[in-house]
Structure formats: C-alpha cells, structure tokens
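This report refers to the structure that appears directly beneath it.
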Amino acid sequence: MSERIRTIIGKEWAEVFKNKMVLFTVLFMPLLFTALPLIMLGTMSGAVGADAGDMTDMPAQFARACVGLSSGECMQIYLLNEFMLLFMMMPLIIPITIAAYSVVGEKATRSLEPLLATPITTEELLAGKGLAAVIPGVLATLLCFGLFVALLPLVGVGERIFAYITGPTWLLAVLVAGPLMAVAAVNFALIVSSRVNDPRVAEQLSTIIIVPLLAVLFGSLAGIIVLNVTNMLIGILIMVVADVALVYLGARLFQREVILTRWK
Amino acid sequence: MIQTEDLTKRFTKSKKEAPITAVDGLTLNVAEGEVFGFLGPNGAGKTTTVRMLTSLIAPSAGRAFVDKLQVGKDDQKIRERVGILTETPGMYERLSAERNLNIFARLYGVKDVPGQVEKYLRMLSLWDRRFDEVGSFSKGMRQKLAIARALLHEPRIVFLDEPTSGLDPEAAKLVRDFIDELKTEGRTIFICTHNLDEADRLCDRIGIFKTRLITVDSPENLREKLFGRKVVFHLQAMLPGLAERVRGLPAVKDAQVVDNRLLVSLEDPEAQNPGIVRALVEAGAGVQFVGELRHSLEDIYLEMIRQEETH
Ligand SMILES: Nc1ncnc2c1ncn2[C@@H]1O[C@H](COP(=O)(O)OP(=O)(O)OP(=O)(O)O)[C@@H](O)[C@H]1O
Ligand SMILES: [Mg+2]
C-alpha cells in the first residue's frame with residue numbers, strides 16, 4: 004500500500020475518532036447486535052429440549068431445508084439466520100456514515116483544494132478514504148462475531164446449532180459477504196459524497212444502498228429466500244461484480260475539477 | 010519557469026446560460042527566481058489562474074507550462090513541484106498544527122517529515138502551538154500554517170494567493186520577510202494580492218489583470234510609463250515668472266506651480282536636476298528641498314483599471 008494511501012487512512016481515523024461519540028457507536032452497535040441473538044437463544048434453549056417447537060409457524064421452504072434436525076433446532080436456526088443478516092449489516096452502518104461525509108465534508112471545510120493540489124492520485128485518494136471507512140466496520144464485526152461464537156456455549160445452544168453457526172453458511176456470510184457488502188456500500192457512499200454539496204444529503208442518500216439488503220432480510224423472513232450455502236455463494240458472486248463496478252465507477256466519476264468548482 | 014499562451018478559462022453554469030469567462034487569453038512569462046505580483050480587483054480571475062497553473066482545474070483554451078511541464082498533460086508532476094497557498098487555508102480543524110503539516114509532508118513524499126515540519130513551524134513562529142488543534146487558531150495563525158504547508162516539500166515554484174490577507178501588521182511583516190527570504194533562495198514566486206504596497210515592495214514585476222492582462226512591468230517602469238518622472242522643488246517663496254523660465258529650459262517637459270513648490274517633469278532627473286537647481290538659483294529662488302515625486306502603486310493601479318474600464 005502506498006505511503007499516500009496510508010496517510011489518508013491515518014488522517015481519516017484521526018479525524019473521525021477524535022469524536023468519542025463515533026468510537027462509541029462503532030463499538031456499541033455491533034455489541035448490541037451481538038447481544039440480541041445471544042439473549043434470544045438463551046431464553047429459547049429451555050424449550051428446545053422438550054422438542055416443543057411448532058413447525059407450522061415456519062415457511063414451508065425452510066422446514067424442508069432442515070431435515071435431520073429436531074423441530075426446536077430448526078426453529079432456532081430459522082431465527083438465527085435473521086440474525087446472520089444483522090451480522091452482515093453490521094459492517095455497513097458506520098462505514099457508510101464515514102464515507103458519506105468524507106469528500107463533501109472536506110469540501111465544506113475547504114480542505115479539499117489543498118488536498119487535491121498534492122500529488123495524490125484519484126485512485127489513491129479513493130482507496131484511502133474507502134479503506135478508512137471499511138476497516139473499522141469490518142473489524143468491529145469480526146470481533147463481535149468472535150465474541151458471539153465464544154459465548155454460544157454459555158447460553159445453552161446444542162452442538163448441532165453450534166456446528167451450524169461455525170459452518171460454511173455463517174462463515175461465508177460474516178467473513179466474506181459482509182465485508183464485500185461493506186466495500187460496495189462505501190464506494191456507493193463515496194460516489195454520493197463527491198456529487199452532492201451538503202453533508203446531510205450525502206448521508207441520507209447513501210443509506211439507500213441498504214435497501215437491497217433489507218429486501219433479502221424480508222425475503223428470508225417470508226421464506227422466499229432460503230439462506231443456504233448455494234444462495235450465499237450466488238450472493239457473494241453478485242457482490243463481487245457490484246464491488247468491481249462501483250470501484251470502477253467511483254474512480255471514473257470522481258472528477259477533481261468538477262468536485263472543486265461546482266457549487267450546486 | 011511559468012509560461013502561458015492565450016490561457017483561457019470559462020465556467021459553464023448551465024446549458025442555457027452563457028459561460029462566464031474568468032480568464033481571457035492570458036499570455037505571460039515568469040522567469041526563474043522572479044517574484045511576480047498578480048494584481049487585480051475582486052473577481053478578476055486571479056484565483057482561477059492560480060488553480061490552472063497548479064493543475065487543479067483545466068484550461069478551456071490556450072496552454073500553460075510550469076517548469077516546462079504542460080498543464081493538462083503532466084499534472085501529477087506539476088503538483089509535485091509547486092507549492093500553493095490556497096485562497097482559504099482549509100485545515101483539518103480537529104487535528105493539531107503539527108499533525109496537519111505531517112499529513113501534507115507525507116502526501117508530498119517529503120523525506121525527513123519531522124525535520125521539515127519542525128523547520129517551518131519554527132520559521133512561522135507556530136512551534137509553541139504545534140500541539141493545539143487548528144480549530145482553536147486565529148485567522149492569522151491559520152494563514153501562517155497554510156504558508157508552512159505550501160513549502161514543506163521545498164518547491165522551486167510557489168503560488169501564494171493573498172498571503173497577507175487578514176493578518177495584523179506584525180504578522181504581515183513576518184510573512185513579507187519570509188517571502189523575501191524565499192526569494193533569496195532563488196525560488197520563483199507568484200503572488201496574488203490586493204495589497205499594493207506589498208506588491209511594490211516584494212515584486213520584481215507586476216501584472217495588472219482583470220479577466221485580461223492589462224499590463225506587465227516592474228513597479229518602477231509602470232510609474233514612469235504612466236506618469237513620467239517628476240521632481241518637486243520646494244522654494245522659500247514663489248517668484249513671478251519663474252515657472253515660465255523653467256518651462257523654457259531644454260530638459261524640461263513641463264512645470265507646474267503648487268504653492269511654494271515647483272513640479273517639474275523630466276526624462277532623466279539624475280542628470281538634469283543639477284542644471285535646474287543652478288537655473289533656479291540664478292533666477293534668485295531659494296531652493297529648500299529637492300525630491301522625486303513618487304506615485305504610489307495604488308495610483309498606478311487605479312489609473313490602469315480606470316483606463317481599462319473606459320475602453
Ligand atoms: N466555480 C466557479 N463557477 C463559476 N464561476 C466561477 C467559479 N469560480 C470562479 N468563477 C468566476 O470567475 C471569476 C473570477 O473568479 P476568481 O475567484 O478567479 O477571482 P479573483 O481574482 O481571485 O477574485 P478575489 O480577489 O475576490 O479573490 C468570477 O466572476 C467568479 O464568479
Ligand atoms: Mg481570489
């Protein structure tokens with residue numbers, strides 16, 4: 004990584020984390036998202052032993068997918084999968100906020116002109132700003148997932164559930180799909196940030212990128228989309244294509260002169 | 010060091026409106042080691058010119074070369090080689106002065122980052138405040154910090170957009186002395202300013218500019234071109250018929266009387282003054298003082314802009 008990219012990352016972090024509230028949200032949100040499923044599993048696990056789960060509440064497609072499991076376990080997995088989506092969303096929220104502010108914010112404080120006057124290339128600038136936004140979100144998510152897995156035995160989940168959460172579907176979701184989604188979201192936010200003139204507008208517009216993810220969430224709640232390895236791989240493939248397209252588009256759309264001189 | 014040929018910049022606001030021409034056919038040549046003053050009223054296009062010459066924005070027409078590198082072709086290299094003080098300092102307010110400079114030194118690929126940062130913080134007397142957030146700085150301190158930032162990578166060409174605007178007289182003097190120092194180091198300096206006195210003192214040549222270049226010359230030549238050279242003779246008392254006598258002398262282009270003073274227009278006062286003094290003494294006049302009438306740059310500037318407007 005070039006010195007200039009590292010400089011930009013360091014600068015962004017120094018500025019962002021100077022604000023203690025940001026640091027708090029970066030850690031608090033993921034911790035909350037981690038605590039929720041744990042509490043839920045803890046309260047449910049009593050009922051599971053009695054095999055009292057009611058399969059009729061579950062979408063038929065999903066019930067078909069959990070052959071070989073008790074209905075209680077199947078119920079747990081069904082609910083856990085909704086939390087998997089939370090884990091995938093976790094690395095998005097904070098990075099989007101950071102990225103959405105990062106170009107238009109510099110424009111508002113007039114530091115963009117001296118920055119663009121340095122020999123930094125557009126690619127380096129975008130890479131620095133993008134990585135500075137993605138890394139904290141992804142790191143916080145990975146930490147929380149580690150914590151989540153470590154605490155699972157304590158809330159009394161069975162071996163099979165534990166195996167499922169540390170199995171391919173979840174690992175692909177949390178370790179691959181989530182970060183890829185974060186990259187897409189951050190690049191989208193950077194594009195928005197370099198094309199508007201108001202930091203507030205940038206933030207609001209950027210959050211639109213979450214909509215497709217919400218669609219997946221509701222799709223899976225309704226049983227239209229089943230979260231299994233095959234679908235996860237398809238999702239990852241789509242994400243890779245989206246990432247490449249957004250990175251390319253971001254660099255193309257970042258026209259230094261226009262960003263510097265357009266005021267509406 | 011800096012050459013422009015018919016450099017033009019138009020801003021297009023929208024498809025319907027006609028574009029604004031901010032810089033129109035600027036042809037200019039600034040030599041290496043020269044301090045060039047770029048003078049013009051608000052909205053003249055000075056900042057726009059500097060932005061083009063530092064590869065921040067592209068010319069609409071014409072060409073420009075900075076250190077033999079063409080604007081629009083070798084932008085990356087141009088940015089490496091020039092230093093710029095932007096019109097608004099634009100610092101990272103939440104970070105310390107030292108951190109701000111550190112970031113820019115690294116972006117410019119400076120080898121000895123802490124050394125350069127310390128050098129310029131000390132030179133601009135900001136060393137004691139280096140750990141303070143820039144947000145807590147006064148306008149003048151910010152401006153000095155921005156000047157330091159422009160020089161971290163020791164550029165041979167420096168663009169300063171209104172370097173002393175908003176500074177108190179002491180800070181302005183510090184900055185002026187500092188610019189003088191840069192000049193002795195042989196750097197090429199391009200200064201945009203409204204401060205005419207400052208331009209007069211610092212600059213080797215001055216370009217008066219308002220969308221188009223009105224004139225370029227040294228402050229001395231500008232004075233002469235516009236007003237010729239005048240010498241004032243203070244007399245004990247004005248004698249009747251003295252002005253006519255002086256007007257009759259071969260060297261004198263014109264002579265006017267103001268109270269006890271005689272204003273004489275001459276080609277070459279150094280050579281001609283002794284003869285005039287002799288003639289005055291012979292005519293019985295008591296000469297108290299002899300001095301050159303200097304027009305301030307302000308007079309020249311205002312006259313130039315007025316002439317341009319009446320055209
Ligand atoms: N981004 C822009 N979009 C449209 N017009 C612009 C833009 N930037 C500058 N202009 C116009 O170009 C002209 C020159 O502006 P410029 O800022 O270069 O003037 P200046 O000589 O630096 O003035 P000042 O002494 O006030 O700093 C002005 O009429 C200005 O409105
Ligand atoms: Mg200006």
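One line per chain: the protein sequences are A and B, in this order.
The numbering used here numbers the first residue of the first sequence as 4 and each following residue consecutively.
The numbering used here numbers the first residue of the second sequence as 10 and each following residue consecutively.
Cβ coordinates follow ideal geometry from the N, Cα and C atoms, glycine included.
Model, not experiment: these values are computed from the prediction.
Taking a C-beta cut-off of 7 angstroms against chain A, the contacting residues of the stretch 89-116 of chain B are Glu89, Ile93, Thr95, Thr97, Gly99, Met100, Tyr101, Glu102, Arg103, Leu104, Arg108, Ile112, Phe113, Arg115 and Leu116, listed in chain order.
By the neighbour-count criterion, in which 16 or more other beta carbons inside 10 Å mark a residue as buried, B:Pro283 falls on the exposed side. In the displayed model, B:Glu14 falls within a strand according to three-state DSSP. The beta carbon of B:Ile11 sits closer than 6 angstroms to the beta carbons of Val39 and Val75 from its chain, once the five residues preceding and following it are set aside; these are given in chain order. Per the C-alpha coordinates, the member of B:Ala31, B:Phe113, B:Asp263 and B:Glu253 positioned closest to B:Arg238 is B:Asp263. Here DSSP, grouped into helix, strand and coil, assigns A:Val29 to helix.
In the three-state DSSP reduction, B:Gln316 falls in the helix class (H, G or I). Close partners of B:Leu65 in chain A (Cβ separation under 8 angstroms): Glu116, Leu119, Ala120, Arg259, Glu260 and Leu263. For B:Thr30, the enclosing beta strand (DSSP E) stretches over residues Ile29 to Val39.
The beta carbons of B:Gly149 and B:Gly175 sit closer together than 8 angstroms. With respect to the C-alpha of B:Pro278, the residue from B:Val261, B:Leu62 and B:Gly54 having the closest C-alpha is B:Val261.
In the three-state scheme derived from DSSP, where H, G and I count as helix and E and B as strand, B:Lys128 is classed as helix. With a cutoff of 8 angstroms on beta-carbon distance, B:Leu94 and B:Asp170 are scored as near each other. Under the Cβ distance rule, A:Ile228 does not count among the residues neighbouring chain B, no pair being separated by less than 8 angstroms.
With respect to the 8 angstroms criterion, B:Phe218 and B:Lys18 are not classified as neighbours on the basis of their beta carbons. Taking 8 angstroms as the cut-off, the beta carbon of B:Arg221 is found no closer than this to the beta carbon of B:Gly71. The three-state secondary structure of B:Asp121, taken from DSSP, is coil. The criterion of a C-beta distance shorter than 8 angstroms is not satisfied by B:Phe146 and B:Glu107.
The Cβ of A:Ala225 sits no closer than 8 angstroms to any Cβ of chain B. Residue range Val296 to Leu302 is occupied by the beta strand (DSSP E) that includes B:Glu301. Using a Cβ-Cβ distance cut-off of 8 angstroms, the stretch 250-261 of chain A and the stretch 190-204 of chain A are in contact, since at least three pairs of beta carbons, one from each stretch, lie closer than that value. When CB distances to chain B are screened at a threshold of 7 angstroms, the residues of the stretch 8-33 of chain A falling below it are Thr10, Lys14, Ala17, Glu18 and Lys21, in chain order. B:Val44 sits away from B:Phe168, with the two beta carbons spaced by 8 angstroms or more.
Close to chain A, meaning a Cβ-Cβ distance shorter than 7 angstroms, are the following residues of the stretch 145-163 of chain B: Arg158.
Taking C-beta atoms as the reference points, B:Val80 and B:Ser69 fail to come closer than 8 angstroms.
When the beta-carbon positions are compared, A:Leu88 and A:Val244 stay at least 8 angstroms from each other. Below the 8 angstroms Cβ cutoff, chain B contributes Gln85 as neighbours of A:Thr124, in chain order. Here the alpha carbons of A:Pro202 and A:Glu15 stand approximately 16 angstroms from one another.
Inclusion of B:Glu96 in the 7 angstroms shell around ligand 2 follows from its C-beta lying nearer than that to a non-hydrogen atom of the ligand. Using a Cβ-Cβ cut-off of 7 angstroms, A:Thr112 is close to Gly99 and Glu102 of chain B, given in chain order. B:Lys239 has its CB no nearer than 7 angstroms to any heavy atom of ligand 1. Using a Cβ distance threshold of 8 angstroms, A:Leu30 and A:Val158 do not count as a contacting pair.
Residue-level contact check: B:Gly118 touches chain A, since one or more beta carbons of chain A fall below 8 angstroms from its beta carbon. Its chain contains Met10 and Thr197 as the residues whose beta carbon lies nearer than 7 angstroms to that of B:Glu41, once the 5 sequence neighbours on both sides are disregarded; these appear in chain order.
A distance below 6 angstroms between beta-carbons, with the five flanking residues on each side excluded, links A:Phe36 to the following residues of its chain, in chain order: Leu89 and Met93. Within a 10 Å sphere around the beta-carbon of B:Leu37 sit 16 or more other beta-carbons, which makes this residue buried.
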